[in-house]
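Chains Y and S, in that order, give the protein sequences.
Sequence positions in the first sequence follow the working numbering and run 1 to 262.
Sequence positions in the second sequence follow the working numbering and run 263 to 511.
Even glycine gets a Cβ: it sits at the ideal position worked out from N, Cα and C.
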Amino acid sequence: MLNQFITDPMVLRAAQAAGAAILALMVAYLARRADINMQREAIVSLVRGISQIVIVGLLLTIVLGRARWLSAFVLLAMTLAGAAIAARRTKQIPGILQVTMRSIVLGAGLVIGIMVGLEVIDRSPATLIPVGSMIIANAMNTTALALDRFRAEVEAHTGQIEAGLALGAASTVVVAPYLKAAVQAGMIPSVNNLRSLGIVWIPGVMAGMVLAGTDPIEAAIYQFVVVAMLFATAGTTALLCTLFVRSHAFSAAEQLTLRMKA
Amino acid sequence: MTDNSRTGGGIHAGSASYAGRATVIETRKLSRTVQGKLLVDDISLEVKQGEIVAVVGPSGAGKSSFLRLINRLDEPTGGTVYLDGLDYRQLAPRELRRRVGMVMQSAYLFPGTVAENLCFGPRQHGEDLPVQEIDRLLEQTGLEGFAQREVLHLSGGEAQRVSLARTLANKPEVLLLDEPTSALDERAEREIEALLMRVLRDHHLTALMVTHDTAQAERIADRAILIEAGRLILNGSVQEVLNAEPVHH
Chain Y
1 MLNQFITDPM VLRAAQAAGA AILALMVAYL ARRADINMQR EAIVSLVRGI SQIVIVGLLL
61 TIVLGRARWL SAFVLLAMTL AGAAIAARRT KQIPGILQVT MRSIVLGAGL VIGIMVGLEV
121 IDRSPATLIP VGSMIIANAM NTTALALDRF RAEVEAHTGQ IEAGLALGAA STVVVAPYLK
181 AAVQAGMIPS VNNLRSLGIV WIPGVMAGMV LAGTDPIEAA IYQFVVVAML FATAGTTALL
241 CTLFVRSHAF SAAEQLTLRM KA
Chain S
263 MTDNSRTGGG IHAGSASYAG RATVIETRKL SRTVQGKLLV DDISLEVKQG EIVAVVGPSG
323 AGKSSFLRLI NRLDEPTGGT VYLDGLDYRQ LAPRELRRRV GMVMQSAYLF PGTVAENLCF
383 GPRQHGEDLP VQEIDRLLEQ TGLEGFAQRE VLHLSGGEAQ RVSLARTLAN KPEVLLLDEP
443 TSALDERAER EIEALLMRVL RDHHLTALMV THDTAQAERI ADRAILIEAG RLILNGSVQE
503 VLNAEPVHH
């Protein structure tokens, strides 16, 4: 309907964004009437979301077609931001930033490196930045979910952990069931995505490729490649972050030194 | 600093009947500070072979913190502990904890059967607990026929018995008991207490037991120490310490 009144493509997109934002605000308003106050958060998130994505768009117009090292710089910046966000989501664990940083840098870096090395991901910034960002975002979410679950498990089972230590068990033994639960929790979204691929959802990469005129079968196969990469990222990052948080939680003398902040 | 005027001028040598025996546990100027707060303050204590020492004092005085330091579940920020004359920092923490067993306020059993819980400690040191040994420990702790019971279905008293049997399965030389009966009802408390007295004597174990129950301290212990605000205030006969303890007596 909007394109009947607006001919300029940029103005049209802005109008579409405004329409989507109004819909989101209406939902927040309805929620408030049900005594669920999310208006402020909705407004802040919408303003933040549009600002961030427009800035990224501007950055991409600068980076695309330029030197390849620029994409490495952009991906590194995204990784650092992801580590900071994941650390904020699990801020009850003291000193957790170094764990999220190492997990995301290594987890996402390893998958991006291997995929670029195998030429599954094209080295051009136009491909590397968007696909790399998906991998980093997935590593961030996996890390946050796994660490949050680890925190909850340790809080709930401090007695059992210390009882095990007091019986002469190694920290690796007493914490093993809780690390397993944390890895599983971190991987749930990626496992679900892989399972429901094509049945419940047609992901953005495939939709974009089809809209751009690529053969749907080719688009589908590439989408599978992307989702499989995300799965590999989740597995690698979940294992790495639980490995790092384990050594973060215990001292060399096998003492549980992790004390949660309020 | 410890109030030496009340502890007889330094490390107490233990009650008279244990005077000639070897010292098994010695804490020397043991301290722990967390975020500027002194939890344990310069405690020096000797415990002789086979001696049972009650640790009394008001809530939050640092009694449990003191026990955790002896098991090295927490790291001292000052001083150290000697086990059979050896600085415990020279022992691997896992070996130390096998030799110095700890029974906590709650049982904290692992999911699974009673037998699996009993086998846990020895397995950490590469040993399989023979079935006869499991049966012997269960009999000793009044749990005959409980080997294959799921721990989920145990009462509080039964769970604490399993916790004691699980610690004994490691064949410790010293037992640290951190209010082992405080989470139980009166009947279970008396049963566990009787069991403890029997087991401690049968195994000739050296023990430190935190208790808030002065009558229990009188029944079980050979000697008592009073801790207040992390400091060792008094070290002497049970009666002497209980008479001096203002809160519980």
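- With contacts defined by Cβ atoms closer than 8 Å, S/Leu416 and S/Pro442 do not form a contacting pair.
- Per DSSP, S/Met459 lies in no beta strand (DSSP E); the unbroken alpha helix (DSSP H) holding it starts and ends at Glu448 to Asp464.
- Pairing Y/Phe224 with Y/Ile121, the inter-Cα distance amounts to about 13 Å.
- Apart from the 5 residues on each side of it in sequence, Y/Phe244 sits with its Cβ closer than 7 Å to the Cβ of Val99, Arg102 and Ser103 in its chain, given in chain order.
- Contact annotation: the stretch 460-473 of chain S touches the stretch 308-325 of chain S, with at least three C-beta pairs closer than 8 Å.
- Secondary structure at Y/Ala170: coil, using DSSP grouped into helix, strand and coil.
- Chain S places a beta carbon closer than 8 Å to that of Y/Leu165, counting this residue as a contact.
- Here Y/Met115 has Ile121 and Met229 as same chain residues with Cβ atoms under 7 Å from its own Cβ, once five neighbours each way along the sequence are excluded.
- Counting of Cβ neighbours within 10 angstroms places S/Arg449 among the exposed residues, the total staying below 16.
- Taking C-beta separations shorter than 8 Å and ignoring five residues to either side along the sequence, the partners of S/Leu462 in its chain run Ile314, Leu437, Ala469 and Ile482, following chain order.
- The C-beta of Y/Ala181 comes no closer than 8 Å to any C-beta of chain S.
- Residues of chain S with a Cβ closer than 7 Å to the Cβ of Y/Glu254 are, in chain order, Pro355 and Arg356.
- Around the beta-carbon of S/Asn432, 16 or more other beta-carbon atoms lie within 10 Å, marking it buried.
- When C-beta atoms of the stretch 171-185 of chain Y are compared with those of the stretch 195-207 of chain Y, fewer than three pairs fall below 8 Å, so the two segments do not count as touching.
- Bounds of the alpha helix (DSSP H) holding Y/Leu110 are Leu97 to Gly117.
- Judged by DSSP secondary structure, Y/Ile62 falls within the alpha helix (DSSP H) whose first and last residues are Gln39 to Val63.
- A check of alpha carbon separations from Y/Trp69 across Y/Leu128, Y/Leu118, Y/Phe150 and Y/Ile136 identifies Y/Leu128 as the nearest.
- Listed in chain order, the non-local C-beta contacts of Y/Ala146 below 7 Å within the same chain comprise Ala182, Val183, Ala185, Gly186, Ala238, Cys241 and Thr242, local neighbours out to five positions each way being set aside.
- For Y/Ala17, the secondary structure class from DSSP, reduced to helix, strand or coil, is helix.
- Taking 4 residues as the shortest admissible run, the stretch 162-221 of chain Y contains the following complete alpha helix (DSSP H) segments, listed from N- to C-terminal end: 171-196 and 204-211.
- Going by C-alpha positions, S/Arg330 is about 6 Å away from S/Asp336.
- With a cut-off of 8 Å on Cβ pairs, the stretch 128-142 of chain Y is in contact with the stretch 72-82 of chain Y, counting three or more such pairs.
- For the pair S/Val343 and S/Ile305, the CB atoms are not nearer than the 8 Å cut-off.
- Scanning its chain for C-beta atoms nearer than 6 Å, with the 5 sequence neighbours on each side dropped, one finds no residue around S/Asp397.
- According to the DSSP assignment, S/Val365 belongs to the beta strand (DSSP E) that extends over Val362 to Val365.
- In the same chain as S/Ile489, and ignoring 5 residues on each side of it, the C-beta atoms closer than 6 Å to its own belong to Gly319, Ala323, Gly324 and Lys325, in chain order.
- No Cβ of chain Y is located within less than 8 Å of the beta carbon of S/Asp346.
- The beta carbon of Y/Gln39 sits closer than 6 Å to the beta carbons of Ala28 and Arg32 from its chain, once the five residues preceding and following it are set aside; these are given in chain order.
- The three-state reading of DSSP puts S/Leu380 in helix, counting H, G and I together.
- Taking 8 Å as the cut-off between beta carbons, none of the residues of the stretch 95-111 of chain Y comes near chain S.
- Chain order gives the chain Y residues near S/Ser368 as Gly159, where near means a beta carbon separation below 7 Å.
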